[in-house]
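Report on the structure given below.
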Amino acid sequence: MNLTDQLPALQVVVPMLSAPLIVLLQPRGLAWAGATAAGLVSFAIAVALASAVLGGETLTYSMGGWPAPYGIALEVDAFSALLLLIVTGAGAAALLAARPSVDKQIELGLQPLFYAAWLLGLTGLVGIVVSADAFNIFVFMEISSLASYILIAGGPDRRALPAVFKYLIMGTIGATFYLIGVGLIYMMTGTLNLADMEARIGDVVALNPILVAAGFITIGLALKAAVFPLHVWLPNAYTHSPHMVTVFLAACATKVALYVLIRFDTSVFQAKLDTHEMQFALFAMPLAILGILVASAVAMFEGHLKRLLATSSVAQIGYILLGASFVSHAGLTAGVMHMFNHALAKGGLFLAVACIGYHYRDLRLSQLGGVAARMPWTCGALLLCGLSLIGIPGTAGFISKWLLITAALESGPWGWTLVAVILVSSLMAVVYIWRIVEALYFQAPVESDTPVSEAPLQLLLVTWGVALLNVVFGLFPAIPLALANASASLLTGGAP
Amino acid sequence: MKLLELLGYYNYWVFAIVLMVGLYAVISKANLIKKLIGLSIFQSAVFLLYITMDKVEGGTAPIIQAGVEDQIFSNPLPQVLILTAIVVGVSTLALGLAIVVRIKESYGTIEEYEILDAD
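For the record, the sequence lines run as chains A and B.
Residue numbers for the first sequence follow my numbering, beginning at 61 and rising by one.
Residue numbers for the second sequence follow my numbering, beginning at 226 and rising by one.
Shown next as structure tokens:
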């Protein structure tokens, strides 16, 4: 047994065990340092796992030595490795930058609990990704959700409370739907292991319960992933939560739910439900297109910086779902790739927002005049990530939009209408990013009593780090692209 | 005959009805506590689904006894699963109630419309 074999378990165990330890670290700063260390170790494990599966291998870990399907298995393949990189990367980067912003927004005595909840959220998200067991995914999903409710409600803004209540209600309904679906599949197949499930669904004679299960699971996970029109919990929850929590959750939380959705709908149900491919495409594609267009249009008229970016997230989820709904190799590559690139762009944008929010309490665009003169570096990073979100060549966002357009053209005679949708929504993205730029750079400065300077260096350095990664992965996308390609091959079950 | 067959699935009918009662309460009630009650009812319905599917006719609790050879057992796995789900449900409810307490503290009300008007 060498260390690589243990990594899938360690990925979950490290943040999980760090969480209770951090509660004990009362002195100022120590809790942050502990949480950041745990976050960085998780990220290092994710990098090691990704390099181990880069060639398309699958690492399997049987919990307690019980072989699957009897025991609980953890599995890491290219798809999960890419998601692990996104989740732990977002967690580690946000934690690295978090201290100044969290010191300002969270009471000192509550900070150890706050960081513990953060690590539990991280545990839940990585747990969902490495788990190969449908019920374990449910448990981890609830761990991550409960932790994120706490994180979102932890800030000083009281409007976060009704927002998080709505999120709790809708999130629980989504998770319960998923649980019903898993129960129905278990009833028909007698297994909870995903690979085993996929194989045994073929022997099921009465397909109706499986069809119902597919419906429950797809809707439940779409709720968790904030797929349009089930996204109503997202904008308020992200707008009023503490800034650093928004960075962390916006970069990875909804993508993990989409990951499970894609796993179920393209591999577990795909092989045996005869026309499931068509059903999934017919269900997901209109929602994706509507989400892209409607959410982008709403974002164009949004007056609050954070809510604007949160609404744009709903549109970006639409892109990922659109890629997945082609159920082709090219489409899945584009969708998976966009998960990675959107995490980079949106994570960077929200980090820049956290920098601005460090000095400005009111983040309505009309109140942000003259920010660029006072915080030139912050606004530069925001602009760079904004360009990546639009998809300007040379940034990460361009790669996935290009892949998506290619996949759309391959998808059939109607592909060009989808290309039109993507282009129109990119233009809308230009409009809403421009509105931010206009407010920050060209609006008449708002009077303020205290002189405002740049954000703290710690926050600014991480923001620029992420912003530069947008360019690096825009020019050299080889590694995420290789992982995305391998994921698509795994999901379509064939050679590239 | 058909009717009897349908009635024979009465556990599943109860599951579906309780599920919808809970969902209806979540959607229609404006009082946050009532919403949480609805959510709990909604989750309880799923417990019934799992408990129903593990029942084997004539089966008893899965405990091996000395001297008893051909005992039929109910499937213990869904019971274990639903124990976990009950724990999850309880923690969700507890957290939900804690949030309602915080809402009451900062808004002075737990009626959805009054909260919406307050901001």
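For each residue, glycine too, the CB sits at the ideal point set by N, CA and C.
This one's a predicted model, so the numbers in the text were calculated from it and none came from an experiment.
With contacts defined by Cβ atoms closer than 8 Å, A/Met345 and A/Leu290 do not form a contacting pair. B/Ile258 is classed as exposed because its beta carbon has fewer than 16 other beta carbons within 10 Å across all chains shown. Looking at the DSSP output, A/His389 sits in no beta bridge, so it has no partner there. Within 8 Å of the CB of A/Arg434, no CB atom of chain B is found; the nearest one sits about 29 Å away.
The DSSP-derived three-state label of A/Asp193 is strand. The segment 305-316 of chain A and the segment 177-189 of chain A touch, with three or more beta-carbon pairs separated by less than 8 Å.
When DSSP states are grouped into helix, strand and coil, A/Ser122 belongs to the strand group. Contact residues of the segment 257-272 of chain B toward chain A are Leu257, Lys260, Leu264, Phe267, Gln268, Val271 (C-beta to C-beta distance below 7 Å).
About 39 Å separates the Cβ atoms of A/Ala255 and A/Ala157, ruling out a contact at the 8 Å cut-off.
A/Arg424 is bridged by DSSP to A/His364. Here A/Phe288 is not bridged, per DSSP, to any residue. With a minimum length of 4 residues, the unbroken runs of alpha helix (DSSP H) contained wholly in the segment 86-172 of chain A fall at 90-113, 138-165.
In this structure, DSSP gives B/Phe298 an extended state, which the three-state scheme calls strand.
Counting along the chain, A/Asp217 sits inside no alpha helix (DSSP H), nor does DSSP assign it H or E at all. Between A/Ile188 and B/Gly292, the alpha-carbon positions lie close to 43 Å from each other.
Bounds of the alpha helix (DSSP H) holding B/Glu339 are 337-343. In this structure, DSSP gives A/Thr455 a state outside helix and strand, which the three-state scheme calls coil. Ranked by Cα distance from B/Val305, the first of B/Asp279, B/Gln290, B/Ile335 is B/Asp279.
Listed in chain order, the non-local C-beta contacts of A/Val72 below 7 Å within the same chain comprise Thr183, Val186, Gly187, Val190, local neighbours out to five positions each way being set aside. Rounded to the nearest whole angstrom, the C-alpha separation of A/Ala138 and A/Asp217 is 39 Å. For A/Met435, there is no enclosing alpha helix (DSSP H), as DSSP gives it neither H nor E. DSSP links A/Asn253 through a beta bridge to A/Asp193.
Between the alpha carbons of A/Ser372 and A/Ile380 lies a gap of roughly 13 Å. Proximity of A/Met247 to chain B, defined by a Cβ-Cβ separation below 8 Å, is satisfied. Annotation for A/Trp524: the continuous alpha helix (DSSP H) segment containing it runs 517-535.
With contacts defined by Cβ atoms closer than 8 Å, A/Ala405 and A/Ala480 do not form a contacting pair. Its chain contains Pro269 as the residues whose beta carbon lies nearer than 8 Å to that of A/Met247, once the 5 sequence neighbours on both sides are disregarded; these appear in chain order.
A/Thr314 sits in a helix when the DSSP states are folded into three classes. From the beta-carbon of B/Asp344, the residues of chain A found nearer than 9 Å are Arg218, Arg219, Pro222.
When rounded, the separation of the alpha-carbon atoms in B/Glu230 and B/Leu244 is 22 Å. Annotation for A/Lys226: Trp293 place their beta carbon closer than 6 Å to its own, counting only its chain and skipping 5 residues before and after. Between the segment 321-329 of chain A and the segment 542-554 of chain A, the count of Cβ pairs shorter than 8 Å is three or higher; the stretches touch. Of all residues in the segment 317-335 of chain B, the ones placed with a Cβ closer than 8 Å to any Cβ belonging to chain A are Thr317, Leu320, Gly321, Ile324, Val325, Arg327, Ile328, Ser331, Tyr332, in chain order. Looking at the DSSP output, B/Asn256 sits in a beta bridge with B/Glu336. A/His303 is not a Cβ neighbour of A/Ala150, given a cutoff of 8 Å. Of the residues assessed, A/Gln86 falls on the exposed side of the cut-off, its CB having fewer than 16 other CB atoms within 10 angstroms.
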